[in-house]
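Everything in the sequence shown is counted per the working numbering, starting at -13 for the first residue and increasing by one. Every residue, glycine too, gets a C-beta built ideally from N, C-alpha and C. These numbers come from a predicted model, not from an experiment.
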Amino acid sequence: MLRALRRLLQHRWAEAPARRALPPPALQRLGARVSASEQHHTGQIRVVTEASLPWSYLRRQASPRERAIMLFSKYRVWDTEHNNGVLIYLLMPERAIEIVADRGLARHVPAQEWQGVVRQMSVHFQQMRYEEGLIQAIDAVSLRLAQHFPRAASADQVNELPDVPVGP
């Protein structure tokens, strides 16, 4: 009970600091990083950061992973031509990071490899350097996408998902 109350309070008072930690110019820079990365592969990267979980998730003690999977669906990351979309999710009050890869990429990159990427990112997030951590995540995802789904020089560039992150 005490843990649930502490989590609720943590989320309710996190909105303003989260907006300061990732202001609009930082979100624009992250979007530009996604756009540049997608020049090298056919995958689609979507970054979503949240300053707090919705009340319904807090009430039922849902995990950040549950929220990431729902957002993967909501933002249609699964709905790409090559099934190689990736969601990078950051829940700022908990400094929780989730990477959800669509089935096309999941066939090539095991979950343990994504957990390694998350561990590397968490160093930045523990120090509240969110932009640096997300840049590292975008680069790590892009590297794997370029390895398994490289963009052919003659291929038309179709941007199936927006590049600008959904911010706090």
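- Looking at the backbone, the Cα of alanine 138 and that of histidine 27 are separated by about 8 Å.
- Counting along the chain, valine 33 sits inside the beta strand (DSSP E) bounded by residues 30 to 36.
- Straight through space, the alpha carbons of glutamine 122 and glutamate 36 are spaced by roughly 18 Å.
- Under the three-state reduction of DSSP, glutamate 84 is assigned to strand.
- Taking one beta carbon from each stretch, the stretch 106 to 119 and the stretch 61 to 69 have fewer than 3 pairs nearer than 8 Å; the two do not touch.
- For glycine 102, the enclosing alpha helix (DSSP H) begins and ends at 97 to 112.
- Under the three-state reduction of DSSP, histidine 27 is assigned to strand.
- Residue pairing from DSSP places tyrosine 75 in a beta bridge opposite Val34 and Glu84.
- DSSP, read as helix, strand or coil, puts valine 20 in helix.
- Linking arginine -8 to methionine 114 through their CA atoms gives a straight-line distance of about 20 Å.
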